[in-house]
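Residue numbers (our numbering): 56 to 434. Where is the CB? At the ideal position from N, CA and C, for every residue including glycine. What you are looking at is a predicted structure, and each value in this text was computed from that prediction instead of being measured.
What follows is the structure, encoded as structure tokens:
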């Protein structure tokens with residue numbers, strides 16, 4: 056190794072001694088004869104550390120923008136073959152050739168692992184290989200600003216640790232991978248990512264997902280940008296609706312007009328009843344549809360029977376304005392009872408002492424108009 060290479064590696068600031076040692080050996084082991092760096096097994100042996108520890112230091116060098124890495128996998132089996140790495144930019148010092156005093160500068164061209172320790176060299180023309188780039192950090196050099204100070208670096212690492220530990224899956228996530236993704240973001244993006252963690256996790260759980268993505272995926276795909284604006288969320292926040300009221304009725308008919316969600320099959324007992332002539336197939340299927348075909352509606356009815364309200368989406372406000380008070384037991388009430396029977400819909404539960412309930416204005420004849428209104432509502 057030349058004195059220039061030694062000085063360059065050792066003068067890099069902000070790194071732990073072990074990381075500098077890895078960089079020192081990268082410079083020392085680079086072979087322009089082969090156009091490659093040494094294998095990671097060789098580097099780990101030279102640095103007297105494990106492969107996992109070596110990868111951690113390589114990740115730090117990558118985050119600092121000194122090296123770039125890419126993984127290569129077999130196109131068919133998807134098995135990882137090797138990790139290729141190279142300097143990320145032109146480094147103006149001579150790297151000696153093996154066994155020669157004359158050297159040449161390290162360039163930004165692709166540098167491949169040497170054929171050491173039974174690791175074969177892989178050609179770019181091999182059609183069975185695919186490249187999968189390791190996340191390449193956006194460095195301060197690329198942003199056109201000065202490299203971050205030691206204090207800034209510490210503040211950045213502290214902010215990452217706080218954000219990472221607040222992620223639901225942090226115990227099983229890869230912290231180095233998450234940090235590489237974090238380092239690839241701008242300062243403003245990191246701040247937004249932290250601010251939206253709570254909203255993203257809540258939104259993910261609201262969809263019924265059993266698993267939440269890793270913190271690295273959240274950062275890489277900038278998933279917080281896909282969340283609706285807070286003002287929009289506030290405008291569409293569910294409202295508590297009293298049973299048999301306008302908003303409650305709007306929700307009931309939104310669900311009914313959406314159609315059956317579950318189609319039941321006749322049981323063995325019911326089949327025997329049909330064979331005995333006790334009931335027809337059509338009658339039994341109609342009953343099963345009313346009981347099981349609209350579970351969300353039946354849940355609303357069960358809550359209403361116990362005089363409990365329900366959370367109703369705010370976007371139904373326009374539809375709620377189309378509801379009108381109908382006297383329980385009156386002519387319009389009876390018309391709606393018949394319409395529900397025709398459509399195979401469950402009817403309202405016992406209203407108790409309630410004398411008026413809200414139902415769509417215009418009677419059953421206005422259902423098509425109501426459905427057209429629903430299609431035009433932005434949810």
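For residue 370, DSSP records no beta bridge to any residue. Taken through DSSP and simplified to helix, strand or coil, residue 246 comes out as helix.
Within the same chain, Cβ atoms closer than 7 angstroms to the Cβ of residue 75 are found at 64, 65 and 67, the five residues on either side in sequence being excluded.
The residue among 231, 281, 268 and 326 with its C-alpha nearest the C-alpha of residue 247 is 281.
At a Cβ-Cβ threshold of 9 angstroms, residue 303 and residue 359 count as neighbours. Proximity of the segment 391-398 to the segment 370-380 falls short of the contact definition, fewer than three beta-carbon pairs being nearer than 8 angstroms. In the three-state DSSP reduction, residue 71 falls in the coil class, being neither helix nor strand. Secondary structure at residue 97: helix, using DSSP grouped into helix, strand and coil. Judged by their CB atoms, residue 422 and residue 309 are not nearer to each other than the 9 angstroms cut-off. Ranked by Cα distance from residue 274, the options 266, 311 and 234 are led by 234. DSSP lists 415 as the bridge partner or partners of residue 378. For residue 271 against residue 243, the beta-carbon gap comes to about 19 angstroms, at or over 8 angstroms, which does not count as contact.
With a 10 Å radius around the Cβ and a threshold of 16 neighbouring Cβ atoms, residue 306 comes out buried. The beta-carbon separation of residue 329 and residue 318, rounded to 17 angstroms, does not stay under the 8 angstroms limit for a contact. Sequence-distant Cβ neighbours of residue 389 in its own chain, meaning closer than 8 angstroms and more than five residues away, do not exist here. In the DSSP assignment, residue 294 falls within the unbroken beta strand (DSSP E) covering 294-296.
In the DSSP assignment, residue 358 falls within the alpha helix (DSSP H) that extends over 350-360.
DSSP, reduced to helix, strand and coil, places residue 122 within a strand of the structure shown.
DSSP places residue 365 in the strand class (E or B) of the three-state scheme. Contact check for residue 392 against residue 406 fails: the beta carbons are separated by 9 angstroms or more. Here the alpha carbon of residue 294 sits roughly 5 angstroms from the alpha carbon of residue 367. Distance check between residue 299 and each of 365, 325 and 214 places 365 closest, using alpha-carbon atoms only.
Going by DSSP, residue 302 is part of the alpha helix (DSSP H) stretching over 301-313. Each residue's CA atom was taken as its position, placing residue 312 and residue 409 some 25 angstroms apart.
Residue environment for residue 348: buried (at least 16 other C-beta atoms within 10 angstroms of its C-beta).
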